[in-house]
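A.B. asks:
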Amino acid sequence: DVVLHDKWSRKYFQIKDYLKKIGTDAMELVRNGNNIVLFTDDANAIEEARALHPNYNWVYLNRTRHRGSSGGWENQVPSQNPRKEVIILLSILELAKKCDAFAYTSSKYANVIRDAMLSTGRSIKLLRVDEGLE
Numbered sequence: 012d013v014v015l016h017d018k019w020s021r022k023y024f025q026i027k028d029y030l031k032k033i034g035t036d037a038m039e040l041v042r043n044g045n046n047i048v049l050f051t052d053d054a055n056a057i058e059e060a061r062a063l064h065p066n067y068n069w070v071y072l073n074r075t076r077h078r079g080s081s082g083g084w085e086n087q088v089p090s091q092n093p094r095k096e097v098i099i100l101l102s103i104l105e106l107a108k109k110c111d112a113f114a115y116t117s118s119k120y121a122n123v124i125r126d127a128m129l130s131t132g133r134s135i136k137l138l139r140v141d142e143g144l145e
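Here this note's numbering is used: the first residue of the sequence shown is 12, the next is one more, and so on.
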């Protein structure tokens with residue numbers, strides 16, 4: 012997530028916060044061998060998921076990511092390749108359309124992902140991790 016100035020920073024939610032929001036459905040995902048797709052721009056989140064929650068089937072794009080706030084506000088292109096980053100963003104939207112649920116926090120891009128998922132006409136389970144915290 013992007014960290015701007017103190018009063019504009021969004022809270023970082025750990026992977027366990029997302030799993031907690033999913034609740035008992037999370038364990039059902041493990042039992043059924045389902046995948047959990049991580050749409051993140053933070054390498055720390057990938058490492059956290061794999062190290063602290065290894066029983067889940069994590070799926071994510073193999074791409075260059077920032078680590079925490081390492082990119083700062085001025086560098087939103089971790090690969091240094093704007094074309095590649097656009098392809099990644101569009102790929103995420105297409106992947107999201109195949110998902111049945113979306114656990115997310117408030118952001119403009121999360122809203123775009125949510126809207127893409129809803130555009131399929133399928134029933135999508137939406138879970139706001141930061142609901143009631145704004």
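From the three backbone atoms N, C-alpha and C, an ideal C-beta is built for every residue, glycine too.
Nothing here was measured: the structure is a model prediction, and the numbers come from that model.
Report all residues from its chain with a CB closer than 8 Å to the CB of Thr131; omit the five preceding and five following residues, and keep chain order.
C.D. replies: The residues are Lys108.
A.B. asks: Quick one: measure Cβ to Cβ for Asp28 and Val140, integer angstroms, because I've assumed they're closer than 8 Å.
C.D. replies: The Cβ separation is near 6 Å, so the contact holds.
A.B. asks: Can you tell me which of the three DSSP states Lys136 falls into?
C.D. replies: It is a strand residue.
A.B. asks: So, for Ala114: in the same chain, excluding its five sequence neighbours on each side, which residues have a beta-carbon less than 7 Å away from its beta-carbon?
C.D. replies: Within the same chain, Ala114 has close Cβ partners Tyr29, Lys32, Ile33, Leu138 and Val140.
A.B. asks: Using 10 angstroms around the beta-carbon of His16, count the other beta-carbons present and answer buried if the total reaches 16, otherwise exposed.
C.D. replies: Residue confidence is low: His16 scores 46 on pLDDT, short of 50, so the model does not pin down where it sits. No coordinate-derived value is stated.
A.B. asks: What separation, rounded to the nearest whole angstrom, lies between the Cα atoms of Glu105 and Gly44?
C.D. replies: C-alpha separation (whole angstroms): 22 Å.
A.B. asks: Please list, in chain order, all residues of the same chain as Asn66 whose beta carbon is under 7 Å from its beta carbon, the five residues on each side excluded.
C.D. replies: Answer for Asn66: Val41, listed in chain order.
A.B. asks: Going by DSSP, which residues form a beta bridge with Phe113?
C.D. replies: Paired residue(s): Leu137.
A.B. asks: Report the partner residues of Asn68 according to the DSSP bridge assignment.
C.D. replies: Bridge partners of Asn68: Asn46.
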